[in-house]
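There are 2 protein chains.
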Amino acid sequence: MGMVDLETGKETCLGVDELIEAAREMRAWDVLSIHCAGSGHPGGTLSIMDVCAALYLRVLRHTPKDPHWEGRDRVFFSAGHKAPALYVSLAKAGYVPLEETMTLRRFGAALEGHPHWLKLGGVEFSSGSLGQGLGFAIGHAVAGMRDPDADWRVYCITGDGEHDEGSIWEAVMSAPHYGVDNLVNIIDKNGLQIDGWTKDVMNIDPLPEKYRAFNWHVIEIDGHDMQQILNAFEEAETVKGKPTAIIAHTIKGKGVSFMENVAGWHGVATTEREELDQALADIGAPGFTKERVDELLGIGEEFGEKATAEIKASVPKFKRDYWWNSGDTMQVDMDATRNGFGRAMENAGEDPRVVPIHADISGSIRITQFEEEHPEREPRFISCGIAEQNMMSVAGGLSRAGLIPVTGTYGVFATGRCWDQIRTTICYGELNVKIAVAHGGISVGADGATHQSLEEISLMSILPNMHVSVPCDAVESQRASEYSILELEGPACVRFAREATPVVTTFDTPFVHGTANVIRYRGEQSRFVDAFEQKLSTDYESEGEDLSIVACGPMVPEAMRAAWILKEDEGLETRVLNVHTIKPLDRKALVAAAADTGVIVTAEEHQVGGFGNIIAGAIAEEKPYDAPLAMGMIGVQDKFGQSGEPWELMQAFGLTAEHIAEKALELLKQKK
Amino acid sequence: MGMVDLETGKETCLGVDELIEAAREMRAWDVLSIHCAGSGHPGGTLSIMDVCAALYLRVLRHTPKDPHWEGRDRVFFSAGHKAPALYVSLAKAGYVPLEETMTLRRFGAALEGHPHWLKLGGVEFSSGSLGQGLGFAIGHAVAGMRDPDADWRVYCITGDGEHDEGSIWEAVMSAPHYGVDNLVNIIDKNGLQIDGWTKDVMNIDPLPEKYRAFNWHVIEIDGHDMQQILNAFEEAETVKGKPTAIIAHTIKGKGVSFMENVAGWHGVATTEREELDQALADIGAPGFTKERVDELLGIGEEFGEKATAEIKASVPKFKRDYWWNSGDTMQVDMDATRNGFGRAMENAGEDPRVVPIHADISGSIRITQFEEEHPEREPRFISCGIAEQNMMSVAGGLSRAGLIPVTGTYGVFATGRCWDQIRTTICYGELNVKIAVAHGGISVGADGATHQSLEEISLMSILPNMHVSVPCDAVESQRASEYSILELEGPACVRFAREATPVVTTFDTPFVHGTANVIRYRGEQSRFVDAFEQKLSTDYESEGEDLSIVACGPMVPEAMRAAWILKEDEGLETRVLNVHTIKPLDRKALVAAAADTGVIVTAEEHQVGGFGNIIAGAIAEEKPYDAPLAMGMIGVQDKFGQSGEPWELMQAFGLTAEHIAEKALELLKQKK
């Protein structure tokens, strides 16, 4: 037990008082790293920190110098948002310098917003989508049990909110079935999740009785009492034939006065320096002087600035700087598309049939605007907790009673986590369920790959009976959402994004579900939006433009900016098609664009081809045989995202107007 | 309570003895309808039949003449494979004539293999994929609780094997959270699932303790004791503030001597008339004389023959009948692609790292060939039960220990039910997990839409790091599977089908993962396979063919047959591309086919465009600007499947060589 030096055989194993002090220091690094990152999850990292100190500095047999040593005990962080606790634990144990925690969530750092095992030794598994780590740990424990040479043990760290997920209960059921007694699941039961107290969001109690009814050995402890923690791990080692659950009763935000037991500190960083200083003072770890803190914050900032500069240098260059709001003209307002969905929810609430279903991150996706200014609507929404599958089934049942359920969560979880429910219950049943597919795209930012939804256009468009909207800005998001909720009969989803993006339409811009808009650049104006003419594709007559850019979502503003660049730099005329409705698709507009211009660039903030191939397919099937065509696609190049600043990621992943314009110029060479 | 005549107000409510006799008769209709269909699920329909009789003939307040009457109590069959029990219940109650049950699972019948609420009044919900009905019932119960005019109650029927599914536990957790006391979940605890005893496949016991720990009111009964059944429903009505679980201890196959407690009778029909007669004799319902049974079976057969003839008439006609094995030449062997996977599993088992993970339908997907002839391998496989999400997480954990987990189930469940686990844990983590995507396509047959996987190429191909194979026949399935399991490092899936399809390759046919094969028709032979030359695309030189057909999976044999038709009928030369690897894609071969022939027909047994759009995208991006192109796609036209005979469905959904050839001729008109 303890950290092993493989060369000397020496084992380091801290005593109780040392562990208490180590946990104190680790809490300081934790809030400091999150502050420096500007985002992250202090609440649940502070609640689990005493357990982490015990594990990494005493209980585990491991060797920081050789993270892949076969003989090591293994810890799987199922609750991936607790990453900073994992990172400071690894750092404190000696895997990396403690100062490296200051690079948390920066582009290019090993310390992704949610942990990725391929980037950092000591991270055993890539997580961030809840409810997957326990099954993973169980699979690993089975492998260990079968290997006669393996005497290592397996630890899993789960959250209490995470116990809303059915996949957790599948895993909980399976572990005793396999008889794995080399496995301990530590449940950080701090009683809070994003939307509030777990008992209110989705009551998981009585948790010990549940685990016992699932045939586990259960130990309940005060998760901040170091001796109890150590005793629990010792007891777990003696249990034979079944796994052990350590239910650690903890305090979310433990150690920082203003964070303790406050749900709002689940996933936000301290922003003011005074807040940080207060947090550090509350924690009381020695050595974090003003100067030292300044120096440490500087490490992160310097790392970030270097990354930003490198990325910026990689973006294609044009005669001028055409970046958003870079000059005195072409000014644009910014608003997040999710806000448009929020306003739609507020308006749709006037229809008494509308029933929002929350999935714990309801404020973040703005579904809560339904009731925020309308307290009388409070009794109408339903909380499903972090249980996307059930959320869709419940929505189906509500719709069969004539209601209009609107549910949603981050795109990965709103589509892929419950795809079979959407397929069979909702789409096959042709039910009137509305799905908000939030946080679409790489621009989600610092949370990293697990939260950047890049595949959901494919997942939803392939489903019969589904309607798929990907509106271009906050205004269009509001209109597409209102239309989908109140006018459309049948399954519908609307994909929108997290980050503020240019507002390029008004309520006077034509908007017809299923009909693309043609957008034409008409010359610089003081306001960006006024520089463009926008028409329904059905009202548009070809002007024999040089090329077409076919885009959806917040790539439409990028396509418009590309049209501006191409005209001003090269004198080229561009037809931008805003395909805000992917299903049903405006095939006529696409075929016309191909036939009229002969050059098509598709632009999607998505795995490339998810949108582009749909466009290519429609054009290929209906384009005149002899019409020549050059086609190119802008999108994420078949890889997962990573942490970084939203706009930095758009640049790094080749998703800006400059990349579109560069691709267009390349294709135009074929035309001549 | 009871069946209500809305005109007269009269209520019909059977007594205990009448219910017992009704259940007896319903059992006879049940086995008879399944025998007539040639497939279906006798085991679990016989175990739930007493509960069904009690519900539909006494407990429910409903009116068969008006299935959508607002005041009705509602029953949701979460275990959709119990459909025949639902149908005979509805028929016995008077929704449809009892004789209509003889059309079960026939093409065009309302009685789909798994129930579809849009097809038959009294079916409240479309199910077939397990674990979705309880949440649906809960959503409906919430709607009822909120509606002051609603005094109806909600019943859900679930299976015990179904309790492997995490989505069930999400639902179980949520119902008491919402305080729904108008809801009863009846668990048909017959102790068996497809792979064997539930305690062996995945132990769900102690089930009453679980439900109590999830805050339900629990009643345990003998599910074959009518008085206990009625008492339980009465008790449930008195429970306030929480839902009720009735755990009905039952006998799978109850009433038929040779079916009782035999897992093998989960999902197969009696085949011999003697078997059926024995079953009917065991059940002992009066009136099922030999003549009457003959007459009833005739109803189903006549219905089926009419459908078959209508479908056949809709298939495009050519100068001769080119159907499989229709003449003396061009004879072909048939074997199911799943058998190829099975043989690969047997061979791969020689590598000690290979660990199969079963998901309850393991025999059906042939993963069991790993151990069937090798009893010493028995201890190596892992049973996960019907818990696809956990199955993927466990697989991930095994692979991180250096093993090669191979898991899989029917395509819908192997990809869409656990998509987020595949994405985040497996693909993002770049883990060496292999997924068998079985039962791909409409040719799954009588099970119907829920089991016909038509979207999984899209779901898997859009994932970074995933390798996707769709082999064309049983031989290629074996080779693709062996390669994916033993040679490939990283996430990989192989899609294959249920039905026997033509064997069109041999072990001498070139096969290179990631390289398409060019197939050319060279003139009629006694054996179909000998009539074709097959080369790697990298070895092929254009012969300036008239057109190309780009196909994957068992659509490759159809494409080959289309080439035969087009040559013999029209003198046209066809380049068939067998794209057995969709990811990575052989883009060069596609672009060459487009440039060389100018006409491309894609063929997929999948929602159209899932494969076709990928092909269109690749060609669009790389084809020479001026090269003319006509393109068309064969596939399922953006709709769900339905029950029917496999080959009948291929015809009805436009997926045969004749349809491909017709599309080719249409496109060739553009080329002139």
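Residue numbers (the working numbering), protein chains in the order written: chain A, 768 to 1439; chain B, 768 to 1439. Glycine is no exception: its CB is placed at the ideal position from the N, C-alpha and C atoms.
Worksheet item: B:P1238 and B:G1107 look like a contact to me (Cβ under 8 Å); what is the Cβ gap, rounded to whole Å?
Response: Your numbering for residue 1238 of chain B matches position 471 in the second sequence. Your numbering for residue 1107 of chain B matches position 340 in the second sequence. Their Cβ separation, rounded to whole angstroms, is 7 Å, which keeps B:P1238 and B:G1107 in contact under 8 Å.
Worksheet item: DSSP on A:V1179, reduced to helix/strand/coil?
Response: What you label residue 1179 of chain A is simply residue 412 of the first sequence in a count that begins at 1. Helix at A:V1179.
Item to complete: Could you name the residues of the same chain whose beta carbon sits closer than 6 Å to that of A:S1225, not counting the 5 residues immediately before and after it, in chain order?
Response: To locate residue 1225 of chain A, count along the first sequence from 1; it is residue 458. Closer than 6 Å at Cβ, skipping near neighbours: G1377.
Discussion item. What are the residues in the segment 967 to 996 of chain B lying within 8 Å of chain A by C-beta distance?
Written reply: Within the segment 967 to 996 of chain B, the residues whose Cβ lies closer than 8 Å to some Cβ of chain A are M969, N970, I971, P973, E976, K977, R979, A980, F981 and N982, listed in chain order.
Practice prompt. Report back the beta-carbon spacing between A:F1085 and A:A1428 to the nearest angstrom; my notes put them in contact at under 8 Å.
Written response: Within the first sequence, residue 1085 of chain A is the residue found at index 318, counting from 1. Within the first sequence, residue 1428 of chain A is the residue found at index 661, counting from 1. Between A:A1428 and A:F1085 the Cβ distance is about 7 Å, and since that is below 8 Å, they are a contact.
Practice prompt. Confirm, please, whether the CB-CB distance from A:A821 to A:A789 is below 7 Å.
Written response: Here residue 789 of chain A corresponds to residue number 22 of the first sequence, with the count starting at 1. Here residue 821 of chain A corresponds to residue number 54 of the first sequence, with the count starting at 1. For A:A789 and A:A821, no; Cβs fall outside 7 Å.
Worksheet item: Between the beta-carbon of A:S800 and the beta-carbon of A:M869, is there less than 7 Å?
Response: On the first sequence, residue 800 of chain A is found 33 positions in, with the first residue counted as 1. On the first sequence, residue 869 of chain A is found 102 positions in, with the first residue counted as 1. Contact flag set, yes.
Practice prompt. For the alpha helix (DSSP H) containing A:R1265, list its first residue and its last residue.
Written response: Along the first sequence, read from residue 1 onward, the residue named residue 1265 of chain A stands at position 498. Premise fails: A:R1265 is in no alpha helix (DSSP H) and is neither H nor E.
Practice prompt. Along the alpha helix (DSSP H) that carries B:S1456, what are the first and last residues, could you check?
Written response: Since the first residue shown for chain B is 768 and the last is 1439, residue 1456 of chain B is missing from the structure and cannot be characterised.
Fill in: Alpha-carbon spacing of B:A1080 relative to B:E1415, whole angstroms
Taking the first residue of the second sequence as 1, we reach residue 1080 of chain B at position 313. Taking the first residue of the second sequence as 1, we reach residue 1415 of chain B at position 648. Answer to the nearest angstrom: the Cα atoms are 11 Å apart.
Discussion item. Let me check one thing: in DSSP terms, what residues is B:C1260 bridge-paired to?
Written reply: Here the question's residue 1260 of chain B lines up with position 493 in the second sequence. Beta-bridge pairing links B:C1260 to B:I1202 and B:V1235.
Worksheet item: Shorter than 7 Å from the beta carbon of A:V1161 to some beta carbon of chain B?
Response: Locating residue 1161 of chain A in the first sequence gives position 394, where the first residue counts as 1. Chain B, which has a Cβ nearer than 7 Å to the Cβ of A:V1161, makes this yes.
Worksheet item: Which residue or residues does DSSP assign as beta-bridge partners of A:E1300?
Response: In the first sequence, the residue the question calls residue 1300 of chain A occupies position 533. Note: A:E1300 sits in a beta bridge opposite A:R1287.
Item to complete: Give every residue of the same chain whose Cβ lies closer than 6 Å to the Cβ of A:Q1437, excluding the five residues on either side of it in the sequence, and list them in chain order.
Response: Numbered from 1 along the first sequence, position 670 holds the residue referred to as residue 1437 of chain A. Excluding positions up to five away in sequence, the list reads A1397.
Worksheet item: Curious, which full-length beta strand (DSSP E) runs of at least 3 residues does the segment 1056 to 1127 of chain A contain?
Response: 1101 to 1103 and 1121 to 1125
Discussion item. If you follow the beta strand (DSSP E) that B:L950 is in, where does it begin and where does it stop?
Written reply: Your numbering for residue 950 of chain B matches position 183 in the second sequence. The continuous beta strand (DSSP E) containing B:L950 extends over residues L950 to K956.
Fill in: Paired residues, beta bridge with B:K1350 - DSSP
Sequence index remark: in the second sequence, residue 1350 of chain B carries index 583 (1-based). Residue pairing from DSSP places B:K1350 in a beta bridge opposite B:V1235.
Worksheet item: Can you find a CB in chain B that lies within less than 7 Å of the CB of A:G1376?
Response: By one-based count along the first sequence, residue 1376 of chain A stands at place 609. At least one chain B Cβ lies under 7 Å of A:G1376.
Item to complete: Check the Cβ of B:P1395 against every Cβ in chain A and list those closer than 9 Å, keeping chain order.
Response: Indexing the second sequence from 1 puts residue 1395 of chain B at position 628. Annotation: Cβ neighbours of B:P1395 in chain A (cutoff 9 Å, chain order): P1391, Y1392, D1393, A1394 and P1395.
Discussion item. Tell me the residue span of the alpha helix (DSSP H) that contains A:Y978.
Written reply: Taking the first sequence and counting its residues from 1, one reaches residue 978 of chain A at position 211. Segment L974 to A980, the alpha helix (DSSP H) holding A:Y978.
Item to complete: In the DSSP assignment, find the alpha helix (DSSP H) that holds A:C803 and state where it starts and stops.
Response: Here residue 803 of chain A corresponds to residue number 36 of the first sequence, with the count starting at 1. According to the DSSP assignment, A:C803 belongs to the alpha helix (DSSP H) that extends over V783 to A804.
Practice prompt. Check distances from the C-beta atoms of the segment 937 to 954 of chain A to those of chain B and list, in chain order, the residues that come in under 7 Å.
Written response: E937, A938, M940, S941 and H944
Worksheet item: Any contact of the segment 1334 to 1346 of chain A with the segment 1311 to 1326 of chain A, i.e. 3+ C-beta pairs under 8 Å?
Response: Yes: the two stretches touch, three or more of their Cβ pairs being nearer than 8 Å.
Fill in: Option nearest A:D962 by Cα separation, candidates A:D972, A:V939, A:G928 and A:E937
Counting from one through the first sequence, the residue named residue 962 of chain A turns up at place 195. Nearest in C-alpha terms to A:D962, of all of A:D972, A:V939, A:G928 and A:E937, is A:G928.
Worksheet item: For the alpha helix (DSSP H) that contains B:T965, what are its first and last residues?
Response: Mapped onto the second sequence, residue 965 of chain B falls at position 198. Run containing B:T965: T965 to V968, per the alpha helix (DSSP H) assignment.
Worksheet entry | Nonlocal neighbours in the same chain, by C-beta distance under 6 Å from A:S1150, ignoring five residues either side | Within the first sequence, numbered from 1, the residue matching residue 1150 of chain A stands at position 383. V968 and H1125, listed in sequence order.
Practice prompt. Give the residues of chain B in contact with A:F903, contact being defined as C-beta atoms less than 8 Å apart.
Written response: Along the first sequence, one-based indexing puts residue 903 of chain A at 136. Under the 8 Å cutoff, chain B gives S1160, V1161, G1163, G1164, R1167 and T1192.
Worksheet item: If you check the beta carbons only, do B:A1003 and B:V951 fall under 7 Å apart?
Response: Residue 1003 of chain B sits at position 236 when you count from the first residue of the second sequence. Residue 951 of chain B sits at position 184 when you count from the first residue of the second sequence. Contact flag set, yes.
Worksheet item: Residues in the segment 866 to 896 of chain A with C-beta within 8 Å of chain B's C-beta atoms, listed in sequence order?
Response: Taking 8 Å as the Cβ-Cβ cut-off against chain B, the residues of the segment 866 to 896 of chain A that qualify are H883, W884, L885, E891, F892, S893, S894, G895 and S896.
Worksheet entry | At least three beta-carbon pairs within less than 8 Å, the segment 1416 to 1424 of chain A to the segment 1417 to 1424 of chain B | no
Fill in: Residue of B:R979, B:Q960, B:G990 and B:F981 minimising C-alpha distance to B:G1031
Along the second sequence, read from residue 1 onward, the residue named residue 1031 of chain B stands at position 264. The option with the nearest alpha carbon to B:G1031 is B:Q960.
Item to complete: Measuring only between beta-carbons, confirm whether B:S1210 sits less than 7 Å from chain A.
Response: On the second sequence, position 443 is the one that residue 1210 of chain B refers to. For B:S1210, the answer is no, since every Cβ of chain A falls outside 7 Å of its Cβ.
Worksheet item: When you compare each of A:R1040, A:I1050 and A:F1070 to A:E1058 by their alpha carbons, which one comes out closest?
Response: One-based indexing of the first sequence puts residue 1058 of chain A at position 291. With distances taken between Cα atoms, A:E1058 lies closest to A:R1040.
Fill in: Bridge partner(s) assigned by DSSP for A:N1380
Here the question's residue 1380 of chain A lines up with position 613 in the first sequence. Looking at the DSSP output, A:N1380 shares a beta bridge with no other residue.
Worksheet item: Does any CB atom of chain B fall closer than 7 Å to the CB of A:W1186?
Response: The residue you call residue 1186 of chain A lines up with position 419 of the first sequence. At least one chain B Cβ lies under 7 Å of A:W1186.
Worksheet item: Is A:P1172 helix, strand or coil when you go by DSSP?
Response: Position 405 of the first sequence, counting from 1, holds the residue named residue 1172 of chain A. Strand, per DSSP.
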